[in-house]
Amino acid sequence: MGKRNIILLGFMGTGKTVTGRILAERSGLELVDMDSIIEERAGCPISEIFATDGEAAFRLLERKLTQELSQREGLVISTGGGIVLNPDNLADFGRSGLLVCLTASPSVIFNRLENDQTRPLLSGDKKEQIVALLHERKPLYDSIEHQIDGDQLNPEERADAILRLYALETSN
Ligand code: S3P
263 MGKRNIILLG FMGTGKTVTG RILAERSGLE LVDMDSIIEE RAGCPISEIF ATDGEAAFRL
323 LERKLTQELS QREGLVISTG GGIVLNPDNL ADFGRSGLLV CLTASPSVIF NRLENDQTRP
383 LLSGDKKEQI VALLHERKPL YDSIEHQIDG DQLNPEERAD AILRLYALET SN
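Residue 263 is where the sequence shown starts when you use the numbering used here, and the numbers rise one by one after that.
(1) Which stretch, first to last residue, makes up the beta strand (DSSP E) that contains Gln409?
(2) Measure the beta-carbon distance from Gly342 to Leu291 and round it to whole angstroms, keeping in mind my assumption that it falls under 8 Å.
(3) With a CB to CB cut of under 6 Å and the five nearest residues on each side skipped, what residues in its chain are close to Met296?
(4) Go to Thr365, then tell me how far its beta strand (DSSP E) extends in each direction, as first and last residue.
(5) Would you mind reading off the limits of the alpha helix (DSSP H) that contains Gly282?
(6) Please report the straight-line C-alpha distance between Asp404 and Thr314, rounded to a whole angstrom.
(7) How big is the Cα-Cα spacing for Leu331 and Phe273?
(8) Compute the distance between the beta-carbons of Val280 and Pro368, then report whether it is under 7 Å.
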């Protein structure tokens, strides 16, 4: 059997990309960033996919990519924050590896994303939208077995904690 994947989940701005980079470096697993792959294949930014084809079309692309990546091994997968909206995504990824949810408080998320122009779901009053979306998705993120607190830990510490979980899981 090949190496299980590490799947990073969590709201926008919780540090999935930076943590994923460190994890991949330290573990030797290959890093894949779902948003980047979707943009590359579509030939345009996610904001444009949302604007032209709508959110549902984007969710379908996410779903197809989840099915594809779940078949592969030895990956660190950085997901988009909305991957949890479809329970099938969590089921597929859950079979392929270790699911880890990164968390951060609304104020930390806001500070990180205050000047960001790339997230179509935060194109209005960012503070309000972050609080509302976090509230709406809370049960989905909370349902993930492993939670890593992004407010307390820096990216290196987060990666260390995840690698410990991964080692523990693969030794069982
Ligand atoms: C989204 C999060 C984004 C991106 C898209 C939708 C979401 O990814 O997939 O803008 O619904 O939370 P990040 O979590 O990497 O920002």
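Beta carbons are placed, not taken as given, at the ideal position from N, Cα and C, and that holds for glycine.
On the basis of the coordinates in this document:
(1) His408 to Asp411
(2) That belief does not hold up - the Cβ atoms of Gly342 and Leu291 are roughly 19 Å apart, past 8 Å.
(3) Leu327, Thr341 and Gly342
(4) Gly359 to Thr365
(5) Lys278 to Ser289
(6) 32 Å
(7) 20 Å
(8) no
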